[in-house]
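Here's the structure we're looking at; comments come further down.
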Amino acid sequence: MNFLDIIQKKKENKILTEEEIKYFIENYVKGEIPDYQVSAFLMAVYFNKLNLDETYYLTKAMIDSGDRVDLSEVPGSKVDKHSTGGVGDTVTLVLGPLLASVGLVFAKMSGRGLGHTGGTLDKLEAIPGFNINIGGKEFVEILKKSNIAVIGQTENIVPADKLLYALRDATATVDNVSLIASSILSKKIALGTDALVLDVKVGNGAFMKDVPSAVELSKLMVNLGKKFGRNTKAIITSMNEPLGDAIGNSIEVIEAINILKGKKSGHLKDIALRIGSKLMIMEGIAETEEEAIKVLEEKISDGSAIEKFKEMVELQAGDSSYIDDTDKFKKSSIIKDITSEESGFVKSIEAIEIGIASRDLGAGRHKKSDVLDLNAGIYLHKKVGDFVEKGEKIATIYTEKENEVEAAIDRIKKAYAFSEKKETYKLIIEEID
């Protein structure tokens with residue numbers, strides 16, 4: 004087989020066979036196909052697309068390029084969720100302990116933040132001692148003990164994705180639904196869970212900017228999951244304002260802790276409950292959304308959820324005293340309030356601008372090698388639909404970077420838009436079964 008023929012075939016918009024796609028992935032991972040040829044192939048795929056079968060073959064070949072995690076020793080229903088990325092999205096830290104407290108096994112491999120979006124691993128590392136570098140065997144042992152573990156992707160899980168993702172980034176071929184779907188699903192299927200809910204974000208702070216694109220990606224991923232025999236559903240949610248009120252690392256952990264302690268509500272909690280209820284119904288431990296949400300709320304009220312969070316922190320070598328007393332988290336030396344220059348109802352908040360401001364204050368990365376300030380970030384006191392008086396506090400910034408303060412304040416002020424009428428914010432746009 005010759006890879007040049009495969010490029011030519013896709014360039015002519017012909018359907019590729021499973022053998023051709025397998026040949027491509029196997030030989031690319033071995034280093035026998037050069038990047039310049041793969042770049043040409045990716046561009047041919049970008050313009051001519053892959054059908055469902057081709058996307059399935061690509062995903063399967065990517066999974067087979069490395070190890071799979073064997074969770075068969077772990078009793079119970081193993082569940083997972085994936086978010087396509089957004090601002091103030093700390094759902095994993097709220098959802099995981101909730102699901103573990105109702106008897107489901109929450110097995111999660113997460114990523115780091117890059118650009119304007121945050122990463123779950125960075126947030127967890129804001130808890131002193133928390134270890135995300137856990138191998139497959141220890142991962143299984145922790146799950147057997149507590150029903151929950153959140154770790155970094157192990158080195159040999161889907162190595163093909165690491166290679167392809169870097170090249171897609173360098174060749175402007177990131178935004179193709181088949182390439183996105185195969186990248187996400189390959190890692191999820193390799194993890195070996197029973198059920199998966201995909202939280203596909205749409206809006207100014209998300210990767211998918213419009214609803215039709217989000218629907219297309221969601222349907223493809225749900226169909227792919229089903230082809231692999233996984234119980235898979237998707238929920239399309241708005242990222243036209245940050246999901247939580249906190250944007251950063253330790254500041255988002257504190258918000259998640261407060262939700263689990265029953266001290267806070269809002270959109271972040273709403274999404275966690277909605278995804279949690281879906282997974283409970285999918286795995287047969289609840290019949291209706293109302294019933295499931297009632298059970299999850301009870302786990303917050305009786306302290307079970309926060310205890311599960313503490314248990315996870317302790318089993319992953321973190322200092323759980325920070326969960327008991329969030330005042331122990333280090334405070335930034337520069338803390339500044341931002342006030343509104345006008346009165347009115349908050350009409351919208353440009354989530355991407357808030358994410359960029361948080362990154363520039365030290366909470367995020369410009370490039371992968373950047374070292375984070377885990378205590379930097381932004382807290383939003385006003386969200387869409389809230390009324391604001393001129394001169395009232397709308398946000399607070401936390402940083403050590405004096406030289407970034409004025410630019411961040413300006414960016415945050417410009418991110419807010421006001422109107423005379425109260426706007427309703429549609430958080431959940433569509434559900435894909």
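In terms of our numbering, the sequence shown opens at residue 4 and continues consecutively. Cβ coordinates follow ideal geometry from the N, Cα and C atoms, glycine included. Since the model is a prediction, treat every value here as computed from it, not as a measurement.
{"Asked": "Measuring from the CB of H369, is there a heavy atom of the ligand SAH at a distance below 6 Å?", "Found": "Looking for the ligand SAH in the displayed structure turns up nothing, as the structure carries no ligands at all."}
{"Asked": "Going by the CB atoms, is the gap between N261 and A129 shorter than 7 Å?", "Found": "no"}
{"Asked": "Kindly give me the distance between the Cβ atoms of E234 and D202, rounded to whole angstroms, as I take these residues to be in contact under 8 Å.", "Found": "In the sequence under discussion, the amino acid at residue 234 is Asn, which differs from the Glu named in the question. Contact flag wrong, Cβ pair sits at about 16 Å."}
{"Asked": "Less than 6 Å between C-beta atoms, sequence neighbours within five positions excluded: which residues of the same chain meet that for M285?", "Found": "A198, N234"}
{"Asked": "Do G206 and S241 have their beta-carbon atoms positioned less than 7 Å apart in this structure?", "Found": "yes"}
{"Asked": "Of all the beta strand (DSSP E) runs that stay within the bounds of the stretch 316-403, which reach a length of 3 or more residues?", "Found": "337-342, 347-352, 380-383, 396-402"}
{"Asked": "Which class does H270 belong to by DSSP, given the choice of helix, strand or coil?", "Found": "helix"}
{"Asked": "Report the partner residues of D305 according to the DSSP bridge assignment.", "Found": "Answer is none; D305 lacks a bridge partner."}
{"Asked": "Among E22, E15, I18, K17, which one has its Cα closest to the Cα of N5?", "Found": "E22"}
{"Asked": "So what's M242 in DSSP terms, helix, strand or just coil?", "Found": "coil"}
{"Asked": "With respect to the alpha helix (DSSP H) encompassing K14, which residues constitute its N-terminal and C-terminal limits?", "Found": "6-14"}
{"Asked": "Give the straight-line distance between the Cα atoms of T291 and K33, rounded to the nearest whole angstrom.", "Found": "48 Å"}
{"Asked": "Using only the alpha-carbon positions, how far apart do D413 and I357 sit?", "Found": "11 Å"}
{"Asked": "Figure out for me which residue from D436, D8, L7 has the closest Cα to the Cα of M224.", "Found": "D436"}
{"Asked": "Between the stretch 145-163 and the stretch 39-57, can you find at least three pairs of beta-carbon atoms closer than 8 Å?", "Found": "no"}
{"Asked": "Can the beta-carbon of L364 be found closer than 7 Å to that of E407?", "Found": "yes"}
{"Asked": "Count the other CB atoms, across all protein chains shown, that sit within 10 Å of the CB of T427; report buried if there are 16 or more and exposed otherwise.", "Found": "exposed"}
{"Asked": "Give me the Cα-Cα distance between S304 and D330, rounded to the nearest whole angstrom.", "Found": "22 Å"}
{"Asked": "So, A420 versus K350, is the Cβ gap smaller than 7 Å?", "Found": "yes"}
{"Asked": "Between the stretch 115-124 and the stretch 88-100, do at least 3 Cβ pairs fall closer than 8 Å?", "Found": "yes"}
{"Asked": "Can you tell me the Cα-Cα spacing of N70 and I381, whole angstroms?", "Found": "The displayed chain sequence assigns Asp, not Asn, to residue 70. Rounded to whole angstroms, D70 to I381 spans 39 Å at the Cα level."}
{"Asked": "Any idea which residues DSSP pairs K84 with across the strands?", "Found": "V200"}
{"Asked": "With contact counted as at least three CB pairs below 8 Å, one residue from each stretch, are the stretch 172-189 and the stretch 52-60 in contact?", "Found": "yes"}
{"Asked": "According to the neighbour-count rule (16 or more other Cβ atoms, all chains shown, within 10 Å of its Cβ), is N136 buried or exposed?", "Found": "exposed"}
{"Asked": "Rounded to whole angstroms, how far is the Cβ of G394 from the Cβ of T342, which I believe are closer than 8 Å?", "Found": "5 Å"}
{"Asked": "Report the residue ranges of all alpha helix (DSSP H) runs contained in full by the stretch 59-138; include only those spanning at least 4 residues, in chain order.", "Found": "94-104, 123-127"}
{"Asked": "Contact check, M65 vs S221 under 8 Å by CB: the rounded distance?", "Found": "Actually they do not touch by this definition, with Cβ atoms about 20 Å apart."}
{"Asked": "Could you tell me the distance, in whole angstroms, from the CA atom of T93 to the CA atom of Y49?", "Found": "31 Å"}
{"Asked": "Taking C-alpha atoms, which residue in A169, D328, A237 lies nearest to K84?", "Found": "A237"}
{"Asked": "Which residues in the same chain have their Cβ closer than 7 Å to the Cβ of L227, if we skip the five residues on either side of it in sequence?", "Found": "T58, Y59, T62, A184, L188"}
{"Asked": "How far does the beta strand (DSSP E) with Y419 in it reach, from first residue to last?", "Found": "419-422"}
{"Asked": "Is it true that the CB of A320 sits closer than 7 Å to the CB of N30?", "Found": "no"}
{"Asked": "Quick one: what does DSSP say A466 is sitting in, helix, strand or coil?", "Found": "Residue 466 lies beyond the stretch modelled for the chain, which goes from 4 to 436, so this question has no answer here."}
{"Asked": "On the DSSP letters alone, give me the boundaries of the beta strand (DSSP E) that I432 sits inside.", "Found": "431-435"}
{"Asked": "Quick check on K264: does DSSP put it in helix, strand or coil?", "Found": "coil"}
{"Asked": "For K236, does the three-state DSSP call read helix, strand or coil?", "Found": "strand"}
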